[in-house]
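Undergrad:
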Amino acid sequence: MKLKGIRLKWSYLVIVAAVAALAVVPLFANRYYLDIAIIIGIHTMVTVGLCLLMGYTGQISLGQAAFYGMGAYFSAILSKTYGVSPWAAMFIGAAVTGGFAYSIGIAVLRLRGNYLAMATLALGIIMNIVFTEAASFTGGQDGITGVPYLSVGGLVFDTDRGYYYLVWAFCLAALLVSRNIVSSRTGRALRAIRDSESAAESIGINVLQLKAKVFALSAVYASLAGSLLAHYWAAVGPKPFDFLFSIKVVVMAVVGGLASVWGAIFGTATVKILGDWLHEFGEYQVIAFGLMLMIVIVFMPRGLWVHLRSRVLQWQRRSTRRAES
Amino acid sequence: MLSQEIQYFITGLSIGSVYALVALGFTIIHTVTGIVNFAQGEFVMLGGMVAYFLFRFIGLPLWAAAPLSIAAVTVVGLLLQRIAIRSARQASIVSLIVITIGASILIRGLVGQFWVWGREAVRLPYFTGEQSLSFLGAAVHPQKLLVLGITIALMVLFHLLLSRTPLGKALRACAINKRAAGMVGVDARAMSLFSFGAAAALGAVGGILIASQAVTSYDSGVMLGLKGFLAACMGGLSSQMGAVLGGLGLGLLESFGAGHISSAWKEAFSLSVFLLFLIVRARRLPASEVEH
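Respectively, the protein sequence lines represent chains A and B.
One point on numbering: in this note's numbering, the residue at position 100 of the first sequence is 292, and numbering is uninterrupted.
One point on numbering: in this note's numbering, the residue at position 169 of the second sequence is 1108, and numbering is uninterrupted.
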C-alpha cells in the first residue's frame, strides 16, 4: 500500500513538473523550437481523440484528417470570407464537425474491425477530394490565405510565444477532459465495449450511441486543432489534411500507447521530432512511419511510452526491494 | 453510338479484371487467416513498378520481366507474413490492421524514395503489340481481352485448387478451425504463408496488366486496395466467383459512369457508393475471427 502511495505522489509530481517545463519552454526556445512545440500541441489534440476511440473503445479510424481539415476550413471560410469572429468560427466549426461525425458515426460504427477501417479510410479520402475540388469555397489547391488571427480583448495572438500558451492551454484542457472521461463511469463503459460489445450491451450500455459519441468527441478535438492550425498559419490548403496525415495520427497514437492519455504527448512529440529530423535527408518520414507502426505493434503492443514507463517502474520496485532486504 | 458503348464495355471489363485480381487476393488471405491485408493494393503497385524497372532499366523483354516481377512481389508477400504477421501472436484485429497498414506505408515510402523514377508515373507497353482489332466498329485492343482471360483463368485455377486438391482441403480446414486443423496435421502457419504469397502474386499480375493501360505511380496502391476490397465484400470476402463478379461489376460501373461525372469527382462518387454499400450491408457482412 505504501509503495502505491509513493507512486501516486510521483505521478502527480511528474505532471506538475511537465506543466512547469511547458510553461518555461518559450523563455528559452528560439522560433524554430517554438514552432515545433506549437505543432506538437495541435497534433496532440488529434492524437488523444484517436486514443479515446481506438485504445479505450476499440474502434479504429483511418480518417481523422477529415475532421482536422473540416475545423481548419470552417475557421478559414467563416472568418475570412464571411467575416465571422475567429472564436465564433472556431466553435461553430467544432459544433458542426461534431454533429457531422455523430451522424456519420451512427451509420458507420455499425461496422466492425476491418470494415470500419476501410469505411473511415474512404471517408478521409472523400473529404480530401472535397477540400481540393470544391474550389469556390475552399480555394482548391491554392487554399485560403489571410485568415485573421485569434485575439482576446486587445491581445492579438500573432506572435509564436503567445500562440504557444494558447495552444497548450487547449491541449491540456483536452487531455484533462479525456483523463476524466477515461476514469469515470463512461470510461468503464467504453472499455466494456472494447472488450466485448455483446457483454456491454447486456449490462445496459447503449453501445452504438456511446461509440458515436466518442467518435464525435474525437472529431471535435480534431476540429479545434484544425482551427488552431488555420489561425496559426493564417492560411489553409488541402495538403495537411490528406490520407497520410490520418495514418500519421495512428502512428502517433500507437507510439504513445493507444490506451494512454498522457502517452499522446509523448507519441506526438516523438513522431514530430523524428519526422522533422528525417525530413532533412529526404522523404524518409513515410518509411519510418511504416516501420514504427509494425515494430511498436509487434514488440510493444501497449505503446513505446507505456513500455518504457513500466520498465522504469519495474526497475524502481526492484531497487526498493533490494534496499529493504 | 454502339461502337462507343462496346468500347466502354470492354474497357470496364479489363479495368474490372484488375479489381477482381485484387479482390481475389483479399479473399484468399481472409479465408485462410481471417486477416484483411491493407497492403494488398501496394502489391499491385509494386508488380507494375518492378516490371517497368526490369523492362526499362535492366532492358529485359516483357515476357521475362513479367514473371520475374511476379516472383519478386511474391517474395515481398512471404516476407510480410513471415516477419510481421507471424511475430504478432495473439494480436487483435485492430493490431493486425495497424501492422498491414504499416507494411503498406513502408512499401509506398520505399518505392517513392528509392525508385529510379521516384514519384514519376510509369506505363508499360502492351503485351499484344500496339495494333488494335476492330469489333463491330469499335477499336478493341487485344490486351483488354487478354486481361479478362487471364483473370478468369486465375479464378478458375484458385477455385479448383481450393475445392479439388489436398492443399485446398488443408487451406479450407484452417479457415474453419485452426486448432482442429493443426490436430489432424495441417501446418496452419505454412497455409497462412501460402495465402500471403498467393495474394501477392495475384496482386502483381494485376499490377503488370494494368500498367500497360493506365499509368502506375508509387501512390496508386490505396485506391486500388479500396476498390478491390469493395469487390471482395460483394462476394462476402470468401467467394472467388463473387470477388471476380464484384470486380468486373465495379469496373463496368466506373467505365460507363466516367462519361457522366467529371473525373475529379469520380473517385469521390465511387467512394461514396462504397461507404453506402458497407453501411447498408453492415449486418450481413461476415465477421472476422482471427486465430493464429
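All C-beta atoms, glycine included, are put in the ideal place defined by N, C-alpha and C.
Quick caveat: nothing in here was measured; it's all calculated off a predicted structure.
#1: Indicate whether at least one CB of chain B lies closer than 7 Å to the CB of A:F176.
#2: Considering B:E885, what are the terminal residues of the alpha helix (DSSP H) in which it resides?
#3: Out of A:I269, A:A381 and A:L219, point me to the one whose CA is closest to A:S394's CA.
#4: Taking the CB atoms as reference points, tell me whether A:G241 and A:S410 lie closer together than 7 Å.
#5: Going along chain A in order, which residues have a C-beta closer than 8 Å to the C-beta of B:R1047?
#6: For A:Q242, decide whether its Cβ has a neighbour in chain B, counting only Cβ atoms nearer than 7 Å.
#7: Checking 7 Å against the spacing of the C-beta atoms, do A:A404 and A:L301 come in under that value?
#8: Would DSSP call B:L1007 helix, strand or coil?
#9: So, at 6 Å on beta carbons, what are the nonlocal neighbours of B:A1078 in its own chain, with the 5 sequence-adjacent residues on each side left out?
#10: Step through the CB atoms of chain B and report whether any lies within less than 7 Å of the CB of A:Y341.
#11: Just checking: is the beta-carbon of A:R509 within a distance shorter than 7 Å of some beta-carbon in chain B?
#12: DSSP on B:I1024, reduced to helix/strand/coil?
#13: Give me whichever residues DSSP pairs with B:S1073 in a beta bridge.
#14: With a threshold of 7 Å on Cβ separation, who are the neighbours of B:S1209 within its own chain once the five nearest residues in sequence on each side are excluded?
#15: Within the same chain, show all residues whose beta-carbon is closer than 6 Å to that of A:M282, passing over the 5 residues directly before and after it, in chain order.
#16: Less than 7 Å separating the beta-carbons of B:V1012 and B:L1049?
#17: For the 8 Å Cβ check, are there 3 or more pairs between the segment 319 to 335 of chain A and the segment 424 to 435 of chain A?
#18: Rank B:L1001, B:G1190, B:G1167 and B:A1182 by C-alpha distance to the C-alpha of B:F977 and give the top, closest one.
#19: Per DSSP, which one or two residues make a beta bridge with A:I336?
#20: Taking only beta carbons into account, state which residues of the segment 1114 to 1141 of chain B come closer than 9 Å to chain A, listed in chain order.
#21: On the CB-based measure, 16 or more other CB atoms within 10 Å of its CB, does B:E1230 come out buried or exposed?
#22: If contact means a Cβ-Cβ distance below 7 Å, which residues of the segment 236 to 265 of chain A contact chain B?
#23: Would you report the Cα separation of A:F362 and B:M1180, rounded to the nearest angstrom?
#24: Could you name the residues of chain B that A:L311 contacts, counting a contact when the two beta carbons are closer than 7 Å?
#25: Reducing DSSP to helix, strand and coil, say where B:L941 ends up.
#26: What residues of chain A sit near B:V971, judged by a beta carbon separation below 8 Å?
#27: Looking only at its chain, what residues have a beta carbon closer than 6 Å to the beta carbon of B:F1195, apart from the 5 residues adjacent to it on each side?
#28: Going by DSSP in three states, B:T1155 sits in which element: helix, strand or coil?
#29: Could you have a look at B:L1101 and say whether DSSP puts it in helix, strand or coil?
#30: Check each candidate in A:L450, A:V453, A:Y356 and A:L270 and name the one with the smallest Cα separation from A:P218.
#31: Near A:A480, which residues of its chain fall below 8 Å by C-beta distance, leaving aside the five closest residues on each side in sequence?
#32: Give me whichever residues DSSP pairs with A:L347 in a beta bridge.
#33: Using a cut-off of 7 Å between C-beta atoms, extract the partners of B:A1197 located in chain A.
#34: Can a CB atom of chain B be found closer than 7 Å to the CB of A:G305?
#35: Spatial neighbours of A:S370 within its chain, please: CB distance less than 7 Å, with the 5 preceding and 5 following residues excluded, ordered by chain position.
TA: The answer reads as follows:
#1: Absent from the model: residue 176 of chain A. The displayed extent of chain A is 193 to 517, so no value can be given.
#2: Outside the displayed range of chain B (940 to 1231) lies residue 885 of chain B, so it cannot be described from this structure.
#3: Here residue 394 of chain A refers to the residue found at position 202 when the first sequence is read from its first residue. Checking every option, the nearest Cα to that of A:S394 belongs to A:A381.
#4: Your numbering for residue 241 of chain A matches position 49 in the first sequence. Your numbering for residue 410 of chain A matches position 218 in the first sequence. The answer is yes: Cβ separation under 7 Å.
#5: Mapped onto the second sequence, residue 1047 of chain B falls at position 108. Result: V478 and G482.
#6: Here residue 242 of chain A is taken as the residue at index 50 of the first sequence, counted from 1. Here residue 242 of chain A turns out to be Leu, not Gln, going by the sequence shown. Not one chain B Cβ lies under 7 Å of A:L242.
#7: Residue numbering aside, residue 404 of chain A sits at position 212 when the first sequence is read from its first letter. Residue numbering aside, residue 301 of chain A sits at position 109 when the first sequence is read from its first letter. Closer than 7 Å, so yes.
#8: For the purposes of this step, residue 1007 of chain B is taken as residue 68 along the second sequence, with counting starting at 1. Residue state, collapsed to three classes: helix.
#9: Reading the second sequence from its first residue, position 139 is the one you call residue 1078 of chain B. Cβ neighbours of B:A1078 beyond the five flanking positions: S1071.
#10: Locating residue 341 of chain A in the first sequence gives position 149, counting from the first residue. By this cut-off, A:Y341 is not an interface position.
#11: As a working note, residue 509 of chain A is residue 317 in the first sequence. Not an interface residue.
#12: Numbered from 1 along the second sequence, position 85 holds the residue referred to as residue 1024 of chain B. Three-state result, B:I1024: helix.
#13: As a working note, residue 1073 of chain B is residue 134 in the second sequence. Answer by DSSP bridge pairing, in chain order: B:A1078.
#14: In the second sequence, residue 1209 of chain B corresponds to position 270, counting from 1. Closer than 7 Å at Cβ, skipping near neighbours: E1193.
#15: The residue labelled residue 282 of chain A in the question sits at position 90 within the first sequence. Around A:M282: S267 and S419.
#16: Start at 1 with the first residue of the second sequence, and residue 1012 of chain B comes out as number 73. Start at 1 with the first residue of the second sequence, and residue 1049 of chain B comes out as number 110. No; because the gap between Cβ atoms is not below 7 Å, this pair is not in contact.
#17: yes
#18: Position 38 of the second sequence holds residue 977 of chain B. Ranking the options by Cα distance to B:F977, first place goes to B:G1167.
#19: In the first sequence, the residue the question calls residue 336 of chain A occupies position 144. Its beta-bridge partners are A:V428.
#20: none
#21: If you number the second sequence from 1, residue 1230 of chain B lands on position 291. Low local confidence applies: a pLDDT of 41 at B:E1230 is under 50, so the model's placement there is unreliable, with the coordinate-based value given in what follows. It counts as exposed.
#22: M246, G250 and I252
#23: For the purposes of this step, residue 362 of chain A is identified with residue 170 of the first sequence, where counting begins at 1. For the purposes of this step, residue 1180 of chain B is identified with residue 241 of the second sequence, where counting begins at 1. Rounded to whole angstroms, A:F362 to B:M1180 spans 53 Å at the Cα level.
#24: On the first sequence, position 119 is the one that residue 311 of chain A refers to. It is worth fixing the name first, because residue 311 of chain A is Ala in this sequence and not Leu. The contacting residues are L1214 and L1217.
#25: Counted from its first residue, the second sequence places residue 941 of chain B at position 2. Helix at B:L941.
#26: Position 32 of the second sequence, counted from the start, is the residue given in the question as residue 971 of chain B. Chain A residues near B:V971: none, gap ~15 Å exceeds 8 Å.
#27: On the second sequence, residue 1195 of chain B is found 256 positions in, with the first residue counted as 1. Once the five neighbours on either side are set aside, the close Cβ partners of B:F1195 are Y947.
#28: For the purposes of this step, residue 1155 of chain B is taken as the residue at position 216 of the second sequence. Residue state, collapsed to three classes: strand.
#29: Sequence index remark: in the second sequence, residue 1101 of chain B carries index 162 (1-based). Here B:L1101 sits in helix by DSSP.
#30: As a position in the first sequence, residue 218 of chain A is number 26, starting the count at 1. Looking at the Cα atoms, A:Y356 is the closest of the given residues.
#31: Locating residue 480 of chain A in the first sequence gives position 288, where the first residue counts as 1. Excluding positions up to five away in sequence, the list reads L466, G467 and L470.
#32: By 1-based counting over the first sequence, the position of residue 347 of chain A is 155. Answer is A:V344.
#33: To locate residue 1197 of chain B, count along the second sequence from 1; it is residue 258. Correct list: empty, because the minimum Cβ distance to chain A is about 16 Å.
#34: Along the first sequence, read from residue 1 onward, the residue named residue 305 of chain A stands at position 113. A:G305 counts as touching chain B.
#35: Here residue 370 of chain A refers to the residue found at position 178 of the first sequence. Here the set comprises V240, L244 and V453.
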